[in-house]
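In our numbering, the protein residues as written are 14 to 359.
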């Protein structure tokens, strides 16, 4: 019997302060003009059509209803969020949310919970909350399977403490205080980001024990995949021993028990003949970093004996960062969306 194949595409897309006027983001002067807003909407819609994804995880969403409408214009019949942006005053918002849009039915969507047992085990405050509440959705993909899809936006590297932007650098005391606040504030952000990553993995770990479902994680994770915080998400793929046994010495059946609870970086399990160089997804001070990721469970790794799909392309959509055209890209994102094409066999 000849196997049939089909493809679907997933994407993570940081929209960069997506907020409909007259609302403002973070400061009251941060309001798009009507022309700027039309340009931003047009840019997002055009790129969504160019990418052609079937499932998109969005970050930095302030205007949920507007994005729902825009997504429908791009062919996404299903849309979900699990919280609303925080409103500081009548028109001022300071905490964006994540959202998911899909061309396949979204069977359920829920907020990823904070596991109090894990928080207590880590010695953290019981009132810990995500900086942006992640989504866990279950999506029915035609002729394939139910798939769990997470959308996340982890805490940035910016200092968690208030910083003084007006510092007299000739004043030793001001410089001293700035360094204290900045260094400790950035470490606080790293702890927040690491805890969020641990909670995300914990949710995947618990969910996979209940139902062994193919899983996709889409996110602006605000760090590199080899960083200590993000290794919490993919460490199962790099672990060298289980108890006293080296993983390399395990039988195939024993390795499956490890792989069942592991997420993989889509770039690492993609067809390397298609993409050999990993492009940055964000630039700061002229330095590029990969901050945006698609992580996948074992079912999408062609090298896994239980694989029922494989990654056939990994793409970074960065024309607006590499060769910006002001007329088109003036209100573009400061991130490059990442898309992954998955081919299934059934």
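Glycine included, each C-beta is placed from N, C-alpha and C at the ideal position.
The stretch 123-136 makes no contact with the stretch 100-114: fewer than 3 CB pairs, one atom from each, lie closer than 8 Å. Counted as a single uninterrupted DSSP element, the alpha helix (DSSP H) harbouring residue 222 occupies residues 185-223. Every unbroken stretch of the beta strand (DSSP E) spanning 3 or more residues and falling wholly within the stretch 305-330 is given here in chain order: 305-309, 322-329. At a cut-off of 4 residues, the continuous stretches assigned as alpha helix (DSSP H) that sit fully inside the stretch 73-125 are 77-86. With a cutoff of 9 Å on beta-carbon distance, residue 235 and residue 206 are scored as near each other.
Residue pairing by DSSP places residue 27 opposite 72 in a beta bridge.
In this structure, 163 is the residue among 204, 163, 168 with its C-alpha nearest to the C-alpha of residue 230.
In this structure, the beta-carbon distance from residue 329 to residue 298 does not fall below 9 Å. Residue 111 is a Cβ neighbour of residue 70, given a cutoff of 9 Å. DSSP places residue 54 in the uninterrupted alpha helix (DSSP H) bounded by 47-64. Per DSSP, reduced to three states, the secondary structure at residue 349 is coil, with no helix or strand assignment.
With contact defined as three or more Cβ pairs closer than 8 Å, the stretch 304-320 and the stretch 338-357 are in contact. Under the 10 Å beta carbon count, residue 146 is surrounded by 16 or more other beta carbons and is classified as buried. Per DSSP, reduced to three states, the secondary structure at residue 131 is helical.
When only Cα atoms are considered, residue 188 and residue 197 end up about 14 Å apart. Residue 164 carries a strand assignment under DSSP once its states are collapsed to helix, strand and coil.
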